[in-house]
Amino acid sequence: MHADTATSRQPIGGAETYFIRSGYRSRDRVEYFLDETDDTVTWQPDVYPYAAARALELGRDVVIDIGCGRAGKLASLAYEYPAWSYIGVDFGDNLVWCRDNHPFGEWIEVDLESTERLPIAPALVRRSIVVCSDVIEHLVNPSPALSLIRSLLLEGSAAAVLSTPARECRSGYDTPGPPRNPSHVREWASDEFQALMKASGFKIRHSGLTRSDDASNGMSTQLLLVCTEEAEGEQQ
């Protein structure tokens, strides 16, 4: 573990840095992430099972996957829960691949850095839970994607499950950046990401760490379950 994982001398940043600490350098641009790999490692193997468990608890049978990539883990859910409905949201080659290769689901193409609403029937939204797994760190401007997720929650989706790398577990709170992964724009420490979520209008119901992969089993990925302040008030 990196020496400065436990604490940081720097305060959390402000909205202009998406709450990342002063001195951190993000990338100005990033290449399109083509979701293809030949290895046998499953990344973030517990995120989708966690989302499915929350869907069962909350009585929901629709999964909306924001930034689905090639939707391999969504396909695993569809195999386990064939009666559910699945909506994958992405753009470019990844979404084309989903349409050509997955016999299940609805595939919606949008630019996650500009779209804040999705063309999904309100009745489906009200039956849904949202997943956004390791997507936020790929976006130069994550605000539209967070607004999109919040709009789904305001329209009746039960909750949203988000995951993203925990910088303090990988390179330390005070690492200067940019991330080692060239397809990541920035990586948040857990307290920074929670500050971003709260400032974006989310109520955090659960936050913790989950496995980054099923080879090392290292606990270096953040996992959050969120709703909105409005939805939280209605449920109390």
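Take the sequence shown: its letter number 45 is residue 44 in numbering that gives the first Met the number 0, and every next letter is one higher.
Ideal Cβ positions, reconstructed from N, Cα and C, are used throughout, including at glycine.
Q. Going by C-alpha distance, which of MET196, ASN100, LEU117 is nearest GLU108?
A. LEU117
Q) Does the beta-carbon of PRO102 have 16 or more other beta-carbons within 10 angstroms, so that it is buried, or is it exposed? A) exposed
Q.
To test your reading of the DSSP string, which unbroken alpha helix (DSSP H) runs of 4 or more residues are found completely within the segment 154–229?
A. 166–169, 189–198
Q | Distance, PRO81 Cα to ILE65 Cα | A | 20 Å
Q | Cβ neighbours of SER84 in the same chain (closer than 7 Å, five flanking residues each side left out) | A | ASP60, VAL61, LEU123
(Q) Taking 7 Å as the limit between beta carbons, can you name the residues of its chain near LYS72, skipping five residues before and five after? (A) TYR47
Q) Using the C-alpha atoms, what's the distance from ASP89 back to ASN140? A) 15 Å
Q: Go through the segment 120–144 residue by residue and report every complete run of the beta strand (DSSP E) that reaches 3 residues or more, in order.
A: 127–132
Q. For GLY207, which option in ASP213, ARG20, SER219 has the closest C-alpha, if you only look at C-alpha atoms?
A. SER219
Q) Where do the ends of the beta strand (DSSP E) carrying GLY71 lie? A) From DSSP, GLY71 is part of no beta strand (DSSP E) but of the alpha helix (DSSP H) over 71–79.
**Q.** Candidates ARG179, ARG98, VAL129: closest to GLU136 by CA position
**A.** ARG179
Q. Is there contact here, the segment 41–56 with the segment 13–21, by at least three beta-carbon pairs under 8 Å?
A. no
**Q.** ILE19 (DSSP reduced to helix, strand or coil)
**A.** Coil at ILE19, not helix or strand.
(Q) With a threshold of 8 Å on Cβ separation, who are the neighbours of ARG24 within its own chain once the five nearest residues in sequence on each side are excluded? (A) PRO175, GLY176, PRO177
Q: Please say whether ALA165 and ARG194 have beta carbons closer to each other than 8 Å?
A: In the sequence on display, residue 194 carries Ala and not Arg. No, these two residues do not count as a Cβ contact at 8 Å.
(Q) Measuring only the C-alpha atoms, how far is SER170 from ARG185? (A) Here the alpha carbon of SER170 sits roughly 12 Å from the alpha carbon of ARG185.
Q: Express the C-alpha separation of GLY200 and ILE148 in angstroms, rounding to a whole number.
A: 10 Å
Q. Along the chain, where does the beta strand (DSSP E) that runs through GLU105 open and close?
A. That run of the beta strand (DSSP E) goes 105–108.
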